[in-house]
Amino acid sequence: MKIIMLGAPGAGKGTQAKKIAGKYNIPHISTGDIFRANIKNGTELGKKAKTYMDQGLLVPDELVVDLVADRVNQEDCANGYVLDGFPRTIPQAEALTKALKELGQKMDYAIDVDVPDANIVNRMSGRRACVGCGATYHMVYAPTKQEGVCDSCGGELILRDDDKPDTVQKRLNVYHEQTQPLIEYYTREGILRKVDGTIDIEEVFGQIVKLLEA
Ligand code: ADP
Ligand code: AMP
Numbered sequence: 697m698k699i700i701m702l703g704a705p706g707a708g709k710g711t712q713a714k715k716i717a718g719k720y721n722i723p724h725i726s727t728g729d730i731f732r733a734n735i736k737n738g739t740e741l742g743k744k745a746k747t748y749m750d751q752g753l754l755v756p757d758e759l760v761v762d763l764v765a766d767r768v769n770q771e772d773c774a775n776g777y778v779l780d781g782f783p784r785t786i787p788q789a790e791a792l793t794k795a796l797k798e799l800g801q802k803m804d805y806a807i808d809v810d811v812p813d814a815n816i817v818n819r820m821s822g823r824r825a826c827v828g829c830g831a832t833y834h835m836v837y838a839p840t841k842q843e844g845v846c847d848s849c850g851g852e853l854i855l856r857d858d859d860k861p862d863t864v865q866k867r868l869n870v871y872h873e874q875t876q877p878l879i880e881y882y883t884r885e886g887i888l889r890k891v892d893g894t895i896d897i898e899e900v901f902g903q904i905v906k907l908l909e910a
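In this note's numbering, the protein residues as written are 697 to 910.
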């Protein structure tokens with residue numbers, strides 16, 4: 697099962713992608729996580745990506761496409777995967793379609809997690825990320841057992857720099873301009889499925905499981 701998660705920043709793509717990956721035992725591939733790991737490790741890719749990420753801009757397509765094409769070719773992706781945060785532009789989607797076609801494959805579903813802009817700033821300002829393992833929480837909607845401490849690894853929780861309100865607004869504008877057209881693209885491909893992302897995390901997941909198993 698090959699799945700793309702679509703939706704605005706903060707819509708819950710990562711939250712749901714992790715749950716899908718767990719239930720169906722397929723890898724969760726987050727380009728945002730890959731860039732953050734590269735930043736943490738001080739790689740050349742990380743240095744380049746950071747200049748864009750800090751401004752709420754997209755990293756250029758050429759830095760993302762080959763990275764994902766290589767990743768989905770790895771052995772653990774043989775039974776499928778869930779892509780979170782990729783593709784984010786039409787050229788990225790076209791490159792993915794082409795790369796899969798060369799392998800005789802195609803995506804099965806593009807799931808649009810639909811959340812209005814009005815809810816997004818609230819979602820992002822409450823999001824907390826673990827500096828150790830990258831797990832994400834929400835201060836109100838998905839709190840840790842002990843405030844400020846990661847449930848998984850005991851690491852420290854932080855507000856991501858790009859989750860501060862000014863940058864969130866910028867990221868939302870970028871989403872509408874560059875990523876939202878993918879809804880039309882995958883509608884035309886016949887694989888778009890929409891879920892209501894404003895309801896409880898478990899209920900959103902219920903909708904997704906239902907559509908995957910329909
Ligand atoms: P994305 O990967 O789309 O940027 P996340 O999955 O990180 O978004 O979710 C953004 C924030 O909103 C996180 O703090 C997460 O815990 C919280 N969240 C995710 N889904 C829901 C939901 N259905 N209701 C309330 N909060 C949610
Ligand atoms: P995310 O963790 O998915 O919210 O991504 C955080 C940031 O990483 C984005 O705001 C972009 O700057 C960058 N990024 C992640 N995925 C992509 C992508 N597919 N294309 C371009 N930039 C990306």
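The beta-carbon is built from N, C-alpha and C at its ideal position, and this holds for glycine as well.
S821 beta carbon near the ligand AMP (any heavy atom closer than 7 Å):
Outside the cutoff, so no.
Near G710, what residues of its chain come up, given a Cβ to Cβ distance below 7 Å and the 5 sequence neighbours on each side ignored?
For G710, where only same-chain residues beyond five positions count, the Cβ hits under 7 Å are S726, D780, T832.
Candidates Y748, E873, R819, M749, of which the one nearest T894 by Cα:
Distances from the CA of T894 to each of Y748, E873, R819, M749 were compared; the closest alpha carbon is that of R819.
Do Y805 and I699 come within 8 Å of each other at the CB atom, strictly closer than that value?
Their beta carbons are under 8 Å apart, which means I699 touches Y805 by this criterion.
Tell me whether Q712 is buried or exposed, calling it buried when 16 or more other Cβ atoms sit within 10 Å of its Cβ.
Buried is the call here.
For the ligand ADP, is there a heavy atom less than 7 Å away from the beta-carbon of T832?
Yes - the ligand ADP has a heavy atom lying nearer than 7 Å to the Cβ of T832.
Under DSSP, the alpha helix (DSSP H) around L792 begins and ends at which residues?
Taken as a continuous stretch (DSSP letters only), the alpha helix (DSSP H) holding L792 covers 786 to 798.
Determine the closest residue to A765 out of N869, G828, L799, I786, with distance taken between C-alpha atoms.
Comparing Cα-Cα distances from A765 to each of N869, G828, L799, I786, the minimum goes to L799.
Compare the Cα-Cα distances from V827 to each of S848, I816, E852 and report the closest residue.
Looking at the Cα atoms, E852 is the closest of the given residues.
Which residues share a DSSP beta bridge with V891?
DSSP, once it has assigned bridges, lists V809 as partnering V891.
Quick one: grab the DSSP three-state call for C826.
Judged by DSSP in its simplified three-state form, C826 adopts strand.
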